[in-house]
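So the structure is just underneath, and the comments pick up after that.
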């Protein structure tokens, strides 16, 4: 959970609003109550403004959750906050799809919209 | 069908409207007419306000239907009412997808929107 | 094609607009031109008003088409008319998905909205 | 259940042992106990000897079960017996895959091998 | 490509706007440049006005493309024009999904809306 | 777990060795350690000798596990023993496919062969 | 149905028995009784001896059935005979998977083994 | 990355706004940082104005990326710019779905709308 | 990688050879060369002798690989060795299905057969 | 097509015959006749003797086909020969699954067995 791992590069087409989606199938963290590992697929979707996220740095950032205890809801919101702080997108969404626990699967989804891009 | 089993924890991001979905694949109750078991997948989707539902308590609550007689339509509305009373979400939906009976499968879906979140 | 087979029970939550969907995988009737059997999956989706359809009576009603000659388009509209007459829903839709004939599969879909529920 | 409906044509390659499979997705009969309709997919697989089954006659033969009461096990064995009597294949198998009843799906499979083709 | 093959019958429910969809999996024509065969799945979706398309005539009409040279874009627009001219629907859409050529699959979709049904 | 619920009927084709498979998607029992419900799909496959299992009695028998505590391995072996004792098949197999617990799904499979049918 | 269209090239590894499979999704011919088009997926699998089939010539050969009337069983055996005559493989199999007619799909499969490669 | 490879032909139905979609499953380029090959499925969707894209020229154009170094985001925007410059459509969209790298799959989507077609 | 975490319980049916399969979807370890995380689905299949593996202890054992560096081939063989040492089965197999790296997915499978159970 | 790119490491369990499978989804080469790119999924399955193939070197080796002209049959046999020469396995198989050309998809499979491991 180390925001400093995220790196960006200049958006090659800042004049056009377009969509980028990265789906990380291998996210894992720990349950803060039981210490048991949790597993999820994290999908980051965003409309870049001036910066794009560098793919390898995104991988390293997501790996930094590996041995941290964090609830589903907090993990998704934290990733969104970190991404928005570093990449300053026009719009962004994080979806976390967590593995089955006690016969129940869970999906948490949070969105961000910059003030400039709101109507 | 014991509402008191549901427990909540404080929403870690109350300032952001975001979506949580829990899908319970192992719901079972009894048919009130024949006493025969019914099976369903129950999907709870909601936008939290001040509280989030605790996942293990949701499992225990859904298990409390195991030996109760209840019609499809009543079960879905009852789960929605109990969830809304305890968790007080901004918005919520319950979908129950019931197994095939006499060659017919059934889905019942009910929604709730809090007065504050209505336009 | 006997409307009298349809039975209803009082909607347990008449104060909430919610959705019920029954999918019958085993519908069969006869082609009125050739006498050959037709097969379809019939999906009934509706928002109940005062009454809900009783599931077993729906099965018996759909079985009453077994040895009747009826075109696809007429079958779907007839089921919708019969259902609306007996169950008086706020809204209803019938979808009939018919098997492949001459390399062509067919789907017919008809909707009904009660005058009260129209804006 | 009328064996006389089955027609054959001469095998165009009687000198070569090869495999023919016909899968009928639209088989229906009645339950002899309850009178309720049953639905199945019937797969006929065979190695022809002197005769091949004519496809349209197979369809008509299978349709002759439509309003007959017959158990799953009896239906599959009956189809095999009728087919063997009329088509006299080197080898044949009938698989009947029946729809879900009381949460249980059923498959019945029976084989025939001619005395000449046994080692 | 013979419009005269299309036949219609009177819409059994002209008072209700409803949807009919026919999906033909076995469409084939020729490439006008190379003479090589093309293969497609053609889906016709429409809201009937006074007339419905007769299913067997639709099959015969689509077969009339078998040995004609026609580009993807022209085929879909031609089928739409012919269907509209004969069946005079309130609304119609033709989708043609063509097989892979040079590693590229293609879909062409065209719609028609009658002047009366436009708002 | 009441063997007496199983009923049989005479095999309509005792002279032919053929295969019957019943797949029950809605099996549930309790974990003997935690009291938590377990869910499984149970598949019974057998070659009948003199008797066939009656389908509705199989459903009632499987339902008798609903509130009993039993381990996966014991449940599958118990069902096989009860089935063999009542139905006396030439050959039988029980497969139990249990739901995901702690990220792990389980399948237990046991077979029986009568002494006469062994080579 | 013109065997002369098939061309071969020398097997680059005649010293090793290996398997080649070509699956043609776009085969069409005519029904010799009704003149109606038939559609199939043809799979050719073989172990080459001295020669391999040239892929484009296989396409042209299969296209030569387009306007010929031929039964399913005859088509598959004919393709096998032509392929064996031209390519002289150690072993070969043709599978033809034909589209649904009257609710029935069909698969015909024929094999060839050269005398040298038989044990 | 050679725009001159793209060729067009006159839109056969310039009076009707309709949709054309080409999906190229076999796109490959190089990573400009590591020189390693990237693989993607590129989907071009557009509403033609006066011109349609010639399918073979699209294939040749996409092949011209094979040994060029280009980032995901730049590739998708470049393809859109080249297509718009040559084909001058009313509307167009490019979606690039890139293979998994470090456990992460990526999709980049960019759209274009001509000034005339904007409301 | 701590064998002592594995616990067993007495096989409830030691007189019958039957099959148990546990599939763990959430296995993760580290690459010993790069320190990067690896992810796999591990399937343990075995025929018990005197002992069965306790499911929760299997989960804890597999979790003990989380922060250990181990190659694919070594991980699968190590799990098999540990399982055989503790559970002493008649037969066992471990399959590890590892995530895509550099566009390549990997599966490693190893088996064990006790001396008594070999023919 | 550079065998020297393949590297090995010592088999960690040379005393046990076990199976390793690597599936490369991103293989591309050129058609030697037309110069057009071909695409395939290459699956390498083997039983190691003293050496295992190093995964990254396998990736680099397969990439060396990128701009080489080679027929399907020759590519698969060449990969098998190179792998056997460098890794000296007990048994090995290469399967190449090539993309659709002219409506036809192709699979080529070749196996190797060392003299010691043959019975």
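Chains as they are written, first to last, in this note's numbering: chain A, 1 to 119; chain B, 1001 to 1119; chain C, 2001 to 2119; chain D, 3001 to 3119; chain E, 4001 to 4119; chain F, 5001 to 5119; chain G, 6001 to 6119; chain H, 7001 to 7119; chain I, 8001 to 8119; chain J, 9001 to 9119.
C-beta atoms are modelled at their ideal positions from N, C-alpha and C, and glycine is treated no differently.
Classify residue i: buried if its beta carbon has 16 or more other beta carbons within 10 angstroms, exposed otherwise.
i	result
residue 10 of chain A	exposed
residue 9037 of chain J	buried
residue 6026 of chain G	buried
residue 2077 of chain C	buried
Could you tell me the alpha carbon to alpha carbon distance between residue i and residue j, rounded to whole angstroms?
i	j	result
residue 3110 of chain D	residue 3084 of chain D	12 Å
residue 2103 of chain C	residue 2096 of chain C	17 Å
residue 7100 of chain H	residue 7040 of chain H	10 Å
residue 5005 of chain F	residue 5060 of chain F	7 Å
residue 3065 of chain D	residue 5017 of chain F	24 Å
residue 7062 of chain H	residue 7056 of chain H	10 Å
residue 4081 of chain E	residue 3081 of chain D	53 Å
residue 3116 of chain D	residue 5049 of chain F	26 Å
residue 7086 of chain H	residue 7105 of chain H	30 Å
residue 3074 of chain D	residue 5012 of chain F	6 Å
residue 5054 of chain F	residue 8002 of chain I	49 Å
residue 3051 of chain D	residue 3113 of chain D	15 Å
residue 9035 of chain J	residue 9098 of chain J	16 Å
residue 4079 of chain E	residue 7015 of chain H	16 Å
residue 6058 of chain G	residue 5058 of chain F	54 Å
residue 8 of chain A	residue 8007 of chain I	48 Å
Identify every residue that forms a DSSP beta bridge with residue i.
i	result
residue 29 of chain A	A/38
residue 1112 of chain B	B/1092
residue 3021 of chain D	D/3045, G/6107
residue 4101 of chain E	E/4104
residue 8010 of chain I	I/8051
Of all Cβ atoms in chain L, is any one closer than 7 Å to the Cβ of residue i?
i	result
residue 72 of chain A	The structure shown contains no chain L; its protein chains are A, B, C, D, E, F, G, H, I and J.
Can you find at least 3 beta carbon pairs, one from the segment 3041 to 3052 of chain D and one from the segment 3085 to 3102 of chain D, that sit closer than 8 Å? Under the 8 Å Cβ criterion, the segment 3041 to 3052 of chain D counts as touching the segment 3085 to 3102 of chain D, having at least three qualifying pairs.
Specify whether the segment 7096 to 7109 of chain H and the segment 16 to 25 of chain A touch according to this definition: at least 3 beta carbon pairs, one from each stretch, less than 8 Å apart. The count of Cβ pairs closer than 8 Å, one atom from the segment 7096 to 7109 of chain H and one from the segment 16 to 25 of chain A, reaches three, so the stretches are in contact.
Counting only runs that start and end within the segment 3044 to 3090 of chain D, where is the beta strand (DSSP E) found for 3 or more residues in a row? Scanning the segment 3044 to 3090 of chain D from its first residue to its last, the whole beta strand (DSSP E) runs of 3-plus residues come out as 3051 to 3053.
At a cut of 8 Å, does the segment 9027 to 9035 of chain J reach the segment 9068 to 9075 of chain J through at least three beta carbon pairs? Flag = yes, the segment 9027 to 9035 of chain J and the segment 9068 to 9075 of chain J touch.
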